[in-house]
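In the working numbering, each residue's number is its place in the sequence shown (first place is 1) plus 118. This report concerns only the one structure given below.
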Amino acid sequence: MKTSPLRCAALAALALGLLAGAAAAEGTAAARIAELQESIRSGRARWVAGETSVSNLPEDQWGNLAGLDQTPPTGPQAPEPPVKFIPRSIDWRNHGGNFVTRPKDQGGCGSCWSFAMTGALESYTLRKQGKPGRDLDLSEQVYVSCSSVGSCKGGVLFPVFLVREGLPAEAAYPYAEANGSCASAAPGWEKNTHKIESWGMVWPSLNRIKSALAHYGPLPTSMQLYEDFMHYKSGVYTRVGGKRIGGHAVLLVGYNDEEEYFIVKNSWGTGWGEDGFFRIDYSQMHSLVVFGLTTVAFY
């Protein structure tokens, strides 16, 4: 079949348009990164910005990654740990063994709250069983589909479901990146779950959070996402600019007093940040990021 000159010209114009659009998008992304890098330099921040697994998403999809409800849950206060000495540093990935499971990827579902809480339950279970390094993988999808605390549009850090029902292994209901239906979970999943005994809220002060982290283990916590964070590659994050995206839930797994940062597990896969983790400056507790405003301990 012959192609008319007019059709060839139209196809060529379309191809050129697509190439021009891609080049413009690349140029915009490069300009944004260059601007961020300059803000980091001028502000003497301690982190590196660049292209990441989420930075190239359309900006209207960034909100899908920020799925934490802005209203803090109500609940009991966690007992203040009976410790007189708070260690100057702790990292539950290397604290007599590894009690932190691998970072996972929430995808385009606003289920960060489920990943933070499930990660905390996994760490709680490893500590309770005394089995560091165990490849424990529990079902975030059961939490999304079977609890009443959230969906792909967001949720809260409210762990009553983890006390009453608990979570089964990932195989009982593999993550679907969607709301799903509890009826789709494997029959009888409720008979083989991991649970917590109790929980409480941690007062949002530096010493209270460090003390709780050292005593209770990894803690689900909250932060506000800003555009610059989407470009985080490594280092100790402090906000340098950009619009607010929304609330985000993460898992606090360590801290370092000498360099004044927290160590945190995210839910954007291992290709983001420092193999799926990031470090954040203590100062961000009192910035617009309000890191640690809502923090929960399992015990």
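C-beta atoms are modelled at their ideal positions from N, C-alpha and C, and glycine is treated no differently.
Runs of the beta strand (DSSP E) lying entirely within the stretch 265-353, each at least 3 residues long, are 317-320 and 337-344 in chain order. Counting only the Cα atoms, residue 370 lies some 11 Å from residue 241. Distance from residue 225 to residue 271 at the Cβ level is roughly 14 Å; contact not present, criterion being Cβ atoms closer than 8 Å. One Cα belongs to residue 330, the other to residue 259, and the distance between them is close to 28 Å. Here the C-alpha atom of residue 251 lies approximately 14 Å from the C-alpha atom of residue 221.
Listed in chain order, the beta strand (DSSP E) elements of length 3 or more contained wholly in the stretch 187-235 are 207-209.
Under the 10 Å beta carbon count, residue 179 is surrounded by fewer than 16 other beta carbons and is classified as exposed.
Burial state of residue 256 is buried, judged by a 10 Å Cβ sphere holding 16 or more other Cβ atoms.
Going by DSSP, residue 180 is part of the alpha helix (DSSP H) stretching over 177-180. Taking the C-beta atoms as reference points, residue 346 is found no nearer than 7 Å to residue 335. A straight-line Cα-Cα distance of about 10 Å links residue 214 and residue 248. If the five residues before and after residue 333 are omitted, its C-beta is found closer than 7 Å to the C-beta atoms of 199 and 201, all from its own chain and listed in chain order. Burial is judged here by how many other beta carbons sit within 10 angstroms of a residue's own beta carbon; residue 174 has fewer than 16 and is exposed. Secondary structure at residue 166: strand, using DSSP grouped into helix, strand and coil. The beta carbon of residue 314 sits closer than 7 Å to the beta carbons of 239, 242, 277, 280, 281 and 416 from its chain, once the five residues preceding and following it are set aside; these are given in chain order.
Bounds of the beta strand (DSSP E) holding residue 399 are 395-399. Under the DSSP assignment, residue 413 falls in the beta strand (DSSP E) whose first and last residues are 413-416. In this model, residue 358 and residue 149 are separated by some 16 Å (Cα to Cα).
Straight across, the Cα-Cα distance linking residue 163 with residue 299 is about 44 Å. Residue environment for residue 182: buried (at least 16 other C-beta atoms within 10 angstroms of its C-beta).
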